[in-house]
Structures are given as structure tokens and as C-alpha cells.
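Here the structure is laid out as C-alpha cells; the discussion comes afterwards.
Numbering (full-length UniProt numbering), first residue to last: 1 to 73.
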């Protein structure tokens, strides 16, 4: 095998591996965040309580639906 062909194959493999690794890691993180959302209802209640408000269930549900809409985009 000529030297230039070997070098070309190594460069192509490195570039292909980089792109493949990036997209696989991105897909894994998107799946992980969908299954384990970073903010849940309990966190919203605690946050609103710390701000001095007693949140109603309706307010908590509204905030969760807004968070889910933003996450889907």
C-alpha cells in the first residue's frame, strides 16, 4: 500500500470517528435529559417557596408545561 493512501485512510478515519462520536454523544445526552429532566415539580415548589410564594398546584403544572415546551424545541 502506498504511503499517501495509508495517511489518507488514517485522516479519513479520524474525521469520521470524530463526527460519529459527536453525534452519538449528542443523541445519548438528548435521550438522558428527556428521561431525567433537570427540573421537576418538587424543585419548582422549593424555588417558589424560597421566593416567598406559596405555589398552587395550577401554577406548578403551568410552569412544568412551559418547561416541557421549551425542552421539546
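Here a beta-carbon is modelled for each residue, glycine too, at the ideal position from N, C-alpha and C.
Considering just the uninterrupted stretch of the alpha helix (DSSP H) at residue i, what are its terminal residues?
i: residue 44; result: 41-50
i: residue 65; result: 57-72
i: residue 26; result: 3-35
Rounded to the nearest angstrom, what separates residue i and residue j at their Cα positions?
i: residue 45; j: residue 67; result: 14 Å
i: residue 53; j: residue 33; result: 28 Å
i: residue 13; j: residue 20; result: 10 Å
i: residue 10; j: residue 38; result: 40 Å
Taking C-alpha atoms, which residue in the options lies nearest to residue i?
i: residue 43; options: 63, 33, 29, 35; result: 63
i: residue 72; options: 48, 51, 55, 31; result: 31
i: residue 58; options: 70, 69, 36, 41; result: 41
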